[in-house]
Amino acid sequence: FFVKLSVPIMVLEKKAPIDVSETLNQYKKQFAPTTVDKEDDLFYDLGNLHCVDAHPMNLDEMKESPEDYLKSVSRDNTQLLFNRIFSLPTERGKEGVFATLPDTITRIPREKPIPKPKPETAWERYARIKGIVKNKRGKMIFDEQSREWKPRWGYKRGNTDMNDWLIEHKPSETGDYEDPFLKRKMDRKERISAQSKREGKNKYKAQQTTASQYEKFLSGGLSEGSQRRLATKDLLQDELNKTRGATASLGKFDKKLQNEKAPKRGKQKKQAVAVSKMNDEKAKNINIVDRMLNPSDASLNVNKAAKKGRNYLND
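Counting from 224, one number per residue, gives the positions in the sequence shown under the numbering used here.
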């Protein structure tokens, strides 16, 4: 059997080329050109991406439409700034074209004050004076048991005895019935708490005290003349005051040098004489009774005295 199939034949006609220049021109009209009809005499600080226009404003255009006038001036100045930026040496990367900015000209003030240096701890001060340099250790160490590299500190750290499944029982250390595993954990917590207390004390001392003249002398923070005077006068005077404080009279009867300053002493509280005259003792007792019987006197706090009395009776 034969079947006759009718297949339509498509004939392609050649069409004339389409002119899209008008469409492109209309699209370009939406954007302002990169060229600016203005004298380029602005002050540029390309390091800060900043420019200054010192020209006076056109008051007539400003009065007619202030918003449009300001937008037009800002747009022209911004275009001039970008033209200057892209005239700099550029590098092309994966994310685009980058311009290498020069050094800044205008010094811009900081938004926040300069952070104060942290006070030195007792060990940091000692290491600085003695010239001890701390060598930074690596974060990973080789664990001898697992034969692997593990962190030096923290979770799953290496070369630790906290994961031992067997501990030798020593009655001299743990007693007859004390759990050695529990004792090891408690000892570790006590060491951590003691270390945190020491760190807190060191930070408190560092905040309260500043670098002494002796530390400045050792670290070379003073001039040569100041170091010489400090070594021959102040340091010797401090040591002399310390030795005089070892006597019973605190150096009161010791011989003094010429133009030597007296050491500072605290104020001593004057105490009443144990043996006094009969009239003086009688007057003191009468004064105490008057204060107790006169509640209007401000020197006696009745509520406080009653509270102390109740606490004494309860005890």
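Virtual Cβ for every residue (Gly too), placed ideally from N, Cα, C. Please read these numbers as outputs of a predicted model, since none were measured by experiment.
| field | Distance, Lys261 Cα to Pro589 Cα | value | Because the chain is modelled from 224 through 538, residue 589 falls outside the range shown and cannot be assessed.
| field | Bounding residues of the beta strand (DSSP E) (the contiguous stretch that carries Thr313) | value | 313-316
| query | For Ile328, which of helix, strand or coil comes out of DSSP? | reply | coil
| Contacting residues, own chain, Cβ-Cβ under 8 Å from Leu311 (five flanking each side not counted) | Leu269, Ala322, Thr323, Leu324, Pro325
| query | Looking only at C-alpha atoms, which of Lys412, Arg421, Lys362, Phe305 sits nearest to Thr344? | reply | Arg421
| Close Cβ partners of Arg307 (< 7 Å) along its chain, the five nearest in sequence each way excluded | Tyr267, Leu269
| Who are the near neighbours of Glu314 in its chain, counting only those whose CB is closer than 6 Å to its CB and skipping five residues on each side? | Phe321
| request: In the DSSP assignment, find the alpha helix (DSSP H) that holds Asp513 and state where it starts and stops. | output: 501-516
| task | List the DSSP bridge partners of Ile364. | result | Lys373
| Can you tell which of Lys406, Asp263, Thr327 has the C-alpha that lies nearest to the C-alpha of Leu303? | Asp263
| query | Hey, how far is the Cα of Tyr250 from the Cα of Arg330? | reply | 42 Å
| said: Can you tell me which residues form a DSSP beta bridge with His273? | reply: Asp268
| field | Option nearest Lys359 by Cα separation, candidates Ile352, Arg375, Gln368, Phe365 | value | Arg375
| request: Kindly identify the DSSP beta-bridge partner or partners of Phe321. | output: Glu314
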